[in-house]
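K.L.:
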Amino acid sequence: QKAGVGEMLANAECASIIQVVGAGTGRTFDLEQMRYHKVVLMTDADVDGSHIRCLLITLFARYMRPVIEAGRLYAAVPPLHRIEVVGAAEPIYTYTDKALQQTLKKLEGQGKRVKGQIQRYKGLGEMDPSQLRNTTMHPSTRTLRRVGLGDIDLAEHSLELLMGNDVAPRREFIVSSAGRVDRAAVDT
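Structure below.
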């Protein structure tokens, strides 16, 4: 949001994403030239990953908006926890702290025990290749969220408020909204 087109294109990661998508940027963006039917953003399940995902969505909203408008931008949903249950063939994955607590309560009610430590993933790199494939990449077992803009004017206002140069309105929004946050609904 804060960077101009020149700065954005000078960023190696942004330039690589634009090149891989293969359809240009801004007014010259051509959806028909996209190299792939969909783009899947894959970031860590924690707060840092969520921030990176927001920055990437901002990149697409600002410079490759037709990808979002066509329903072709997705966010992968990697697990946050891995639970091994005594006697179970497969681990259980949970995606939020709330889901972890619910799963543990359910297992306790069923008289099942957790084997060893519950693994909390700090990043995708902590998973072995088969775990990453089965939880986040394989089309039949992964969870994807389609990224949408909904009300374009509201989306523009939100992008400017949360990612723009002007700090005062962002701070005011955060302070005034903090009490309304349902912590159980926030990705962790």
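As numbered in the working numbering, residues 72 to 259 make up the sequence shown, in order.
The C-beta atom is built at its ideal place from N, Cα and C for all residues, glycine as well.
Just so it is clear, the structure is predicted and the values come from calculations on it, not from any experiment.
#1: Return helix, strand or coil for A132, following the three-state DSSP convention.
#2: Which residue marks the beginning of the beta strand (DSSP E) containing I163, and which one marks its end?
#3: Count the CB pairs spanning the region 170-177 and the region 208-216 that are closer than 8 Å, and state whether there are at least three.
#4: Where does Q202 land, buried or exposed, given buried means 16+ other C-beta within 10 angstroms?
#5: Determine, using beta carbons only, whether D115 and L195 come nearer to each other than 8 Å.
#6: Please name the residue, chosen from T165, P210 and I88, that lies closest to Y134 on a Cα-to-Cα basis.
#7: Quick check on L175: does DSSP put it in helix, strand or coil?
#8: According to the Cβ coordinates, are Y166 and V218 closer than 8 Å?
#9: Report, in whole angstroms, the separation of the C-beta atoms of V156 and V110, which I expect to be a contact under 8 Å.
#10: List the DSSP bridge partners of Y145.
#11: How would you call A159, buried or exposed, if buried means at least 16 neighbouring beta carbons within 10 angstroms?
#12: Measuring alpha carbon to alpha carbon, tell me which of I163, D168, P150 and C125 ends up nearest V208.
#13: With F89 as the anchor, note down where its alpha helix (DSSP H) starts and where it stops.
#14: Does the separation of the CB atoms of H152 and Q188 fall below 8 Å?
#15: When you compare only the Cα positions, how much space is there between V238 and A249?
#16: Using the C-alpha atoms, what's the distance from G180 back to D224?
#17: Where does H228 sit, in a helix, a strand or coil, going by DSSP?
#18: Does the beta-carbon of R124 have 16 or more other beta-carbons within 10 angstroms, so that it is buried, or is it exposed?
#19: Could you work out which residue in G221, R136, M105 and D117 is closest to Q90 when comparing CA atoms only?
P.N.:
Taking the definition as stated:
#1: Here the question's residue 132 lines up with position 61 in the sequence shown. Collapsing the DSSP output to three states places A132 in a helix.
#2: In the sequence shown, residue 163 corresponds to position 92, counting from 1. Counting along the chain, the beta strand (DSSP E) containing I163 begins and ends at I163 to T165.
#3: Too few Cβ pairs lie closer than 8 Å, so no.
#4: Taking the first residue of the sequence shown as position 1, residue 202 is located at position 131. With 16 or more other CB atoms across the displayed protein chains lying within 10 angstroms of its CB, Q202 is buried.
#5: Walking along the sequence shown from the start, residue 115 turns up at place 44. Walking along the sequence shown from the start, residue 195 turns up at place 124. Going by C-beta atoms, D115 is nearer than 8 Å to L195.
#6: Mapped onto the sequence shown, residue 134 falls at position 63. Of the candidates T165, P210 and I88, the one whose C-alpha sits nearest the C-alpha of Y134 is I88.
#7: The sequence position of residue 175 within the sequence shown is 104, counting from 1. The three-state secondary structure of L175, taken from DSSP, is helix.
#8: On the sequence shown, residue 166 is found 95 positions in, with the first residue counted as 1. On the sequence shown, residue 218 is found 147 positions in, with the first residue counted as 1. No, Cβ-Cβ distance for Y166 and V218 is not below 8 Å.
#9: Translated into the one-based positions of the sequence shown, residue 156 becomes position 85. Translated into the one-based positions of the sequence shown, residue 110 becomes position 39. The distance from the Cβ of V156 to that of V110 is about 35 Å, inconsistent with a contact at the 8 Å cut-off.
#10: Walking along the sequence shown from the start, residue 145 turns up at place 74. V111 and R217, per the DSSP bridge assignment.
#11: Within the sequence shown, the letter at position 88 stands for residue 159. Burial call: exposed.
#12: In the sequence shown, residue 208 corresponds to position 137, counting from 1. A quick correction: the sequence has Met, not Val, at residue 208. Of the candidates I163, D168, P150 and C125, the one whose C-alpha sits nearest the C-alpha of M208 is P150.
#13: Start at 1 with the first residue of the sequence shown, and residue 89 comes out as number 18. The amino acid occupying residue 89 in the given sequence is Ile; Phe does not appear at that position. Run containing I89: A83 to V92, per the alpha helix (DSSP H) assignment.
#14: Within the sequence shown, residue 152 is the residue found at index 81, counting from 1. Within the sequence shown, residue 188 is the residue found at index 117, counting from 1. The answer is no: Cβ separation not under 8 Å.
#15: Taking the sequence shown and counting its residues from 1, the one referred to as residue 238 is at position 167. Taking the sequence shown and counting its residues from 1, the one referred to as residue 249 is at position 178. Inter-residue distance for V238 and A249 is about 16 Å (C-alpha atoms, whole angstroms).
#16: Position 153 of the sequence shown holds residue 224. Position 109 of the sequence shown holds residue 180. Spanning the alpha carbons of D224 and G180 requires a straight line of approximately 48 Å.
#17: In the sequence shown, the residue the question calls residue 228 occupies position 157. Helix, per DSSP.
#18: Within the sequence shown, the letter at position 53 stands for residue 124. By the 10 Å Cβ count, R124 comes out buried.
#19: Position 19 of the sequence shown, counted from the start, is the residue given in the question as residue 90. Of G221, R136, M105 and D117, the residue nearest in Cα terms is M105.
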